[in-house]
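Following: one structure in structure tokens, then a few remarks.
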Amino acid sequence: MKAVVMNEFGGSDVLQFKEIPKPEPQPDEILIKVIYTSVNYADIKNRNGSKAKANFPMILGLDAAGAVEKVGASVESVKPGDRVICFPKGGAYAEYVLASELLTFKIPDELDFKMAAACPTVGFLSYKLTHDLAQITPDDTVLVHSSAGGVGSTIIQMVKLLGAKRIIGTVSSLEKSSVPLELGADDVYTYTDFDEKIKETTDGKGVDIIFDSQAGEITERSMKVLSHFGRLVHFGNSSGGIGNFNTKDVHASCRSVLGFSLGTTRKERPETLEAVSQNVLELIRSGKLEIKVGAVFPLEKIAEAHDFISSRKSTGKILIHVSD
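Quick note, the sequence shown lines up with residues 1187 to 1510 if you use the working numbering.
Quick look at the structure:
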């Protein structure tokens, strides 16, 4: 089968499109023919060595959409031919992947593979952040960092569905502001002055909830505009920096800092994701949620897809077309 393999950490040139053996499922595994996979920012960090451990040869990719090819003897929830999304073992940049039963989810007949492939990481993550951690109420003003990206644009829609009073997005350039505004954001600011703008427009009160995937100085500045009793939900560090704040600035103001990792949840509590999958897929099927697809690349152009995301010019979800 065709796959994209890397044998060292580095730039996008370490991604090699090559032929490798097709895997065979163990009794508790599912073999899936991949139609689409996606590129997440975590893939960039795994490729350059800032996140992954050296385990070469390595195939990147967190999620995939396709058809069940073969099932192990103990698998009961799916059968060959079923249309599914999954979080595969050993990467997703390949024509065939293996996945466990707990991390494979059937998709509705009305949902095409392209939209399904945009769903697993950004959809599941956004749902957990907004529905389980943030506890959004109709009185809340919400700040969403990276609001033009795949996760940010999905969070905005879910926050809107949950009835927040005001939604503020941040972007690296106002050229990207149309994405969050079209999806329900009331205001969009750049990282340069978002804290100043928020202080001005809230009479110094700040915001009630912050979704932060940036870390570093963005987190530090975010804490300065988090209102009393507010909640900062932290789920990534795309800036590569480390944010610091004083513990006294949390307890005295009754503010909370909440952390979440979909990767840790997949590893340690995969059984909790079946209900999430049903809820997210129903939101998409009913038309209440649209996961924005920014671009689609063929598998052999995976390096270009990585460079596109690294350029910070991309918006929405970046998909990889693997096979028909």
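All residues carry an ideal CB built from backbone N, CA and C; glycine is no exception. Note that the coordinates shown come from a computational prediction; the quantities given were computed from them, not determined experimentally.
- It is roughly 13 Å from the alpha-carbon of Y1375 to the alpha-carbon of V1328.
- When the beta-carbon positions are compared, E1281 and S1442 stay at least 8 Å from each other.
- The three-state secondary structure of F1483, taken from DSSP, is strand.
- Note that the C-beta distance between A1253 and R1269 is below 8 Å.
- At the C-beta level, V1365 and I1384 stay beyond 8 Å of one another.
- Shown here for C1440: same chain residues with a beta carbon closer than 8 Å to its own, the five before and five after excluded, namely H1414 and F1415 in chain order.
- For L1367, the uninterrupted alpha helix (DSSP H) segment begins and ends at S1364 to L1369.
- The residue from H1317, V1264 and A1278 with its alpha-carbon nearest to that of E1287 is V1264.
- For A1251, DSSP records a beta bridge to Y1222 and I1271.
- Between H1420 and G1445, the C-beta gap is smaller than 8 Å, which places the two residues in contact.
- Within the same chain, L1246 come within 6 Å of D1229 by CB-CB distance, once the 5 residues on both sides are set aside.
- In the three-state scheme derived from DSSP, where H, G and I count as helix and E and B as strand, V1330 is classed as strand.
- Cβ contact annotation for K1362 (same chain, cutoff 6 Å, sequence separation greater than five): A1334 and T1501, in chain order.
- K1474 carries a coil assignment under DSSP once its states are collapsed to helix, strand and coil.
- Your pair I1341 and T1316 checks out as a contact, with CB atoms roughly 6 Å apart and the cut at 8 Å.
- The way I'd put it, the segment 1236-1245 doesn't touch the segment 1216-1225; fewer than three beta-carbon pairs between them come closer than 8 Å.
- The closest CA to that of P1207, considering only N1193, M1187 and D1214, is found on M1187.
- Distances from the alpha-carbon of G1309 to those of C1272, Q1321 and E1406 put C1272 closest.
- With fewer than 16 other CB atoms across the displayed protein chains lying within 10 angstroms of its CB, T1433 is exposed.
- DSSP places D1318 in the helix class (H, G or I) of the three-state scheme.
- Around the Cβ of T1223, a 10 Å sphere holds 16 or more other Cβ atoms; the residue is buried.
- Listed in chain order, the non-local C-beta contacts of G1267 below 7 Å within the same chain comprise A1253 and V1254, local neighbours out to five positions each way being set aside.
- Rounded to whole angstroms, the gap between the alpha carbons of K1275 and T1388 is 46 Å.
- The secondary-structure analysis by DSSP pairs D1373 across a beta bridge with I1354.
- Excluding five sequence positions before and after G1370, the CB atoms of its chain that fall closer than 7 Å to its own CB belong to I1342, Q1343, K1346 and I1353, given in chain order.
- In this structure, the alpha-carbon of E1460 lies about 38 Å from that of K1391.
- For A1401, no alpha helix (DSSP H) run applies, since DSSP gives it neither H nor E.
- Excluding sequence positions up to five before and after E1457, its CB lies within less than 7 Å of the CB of L1288, all in the same chain and listed in chain order.
- Annotated three-state conformation of F1299 is helix, per DSSP.
- Counting along the chain, T1451 sits inside the alpha helix (DSSP H) bounded by residues L1448 to E1454.
- Assigned with DSSP and collapsed to three states, I1206 falls in coil, not helix or strand.
- Counted as a single uninterrupted DSSP element, the beta strand (DSSP E) harbouring K1292 occupies residues T1290 to K1292.
- Looking at the backbone, the Cα of K1487 and that of I1495 are separated by about 13 Å.
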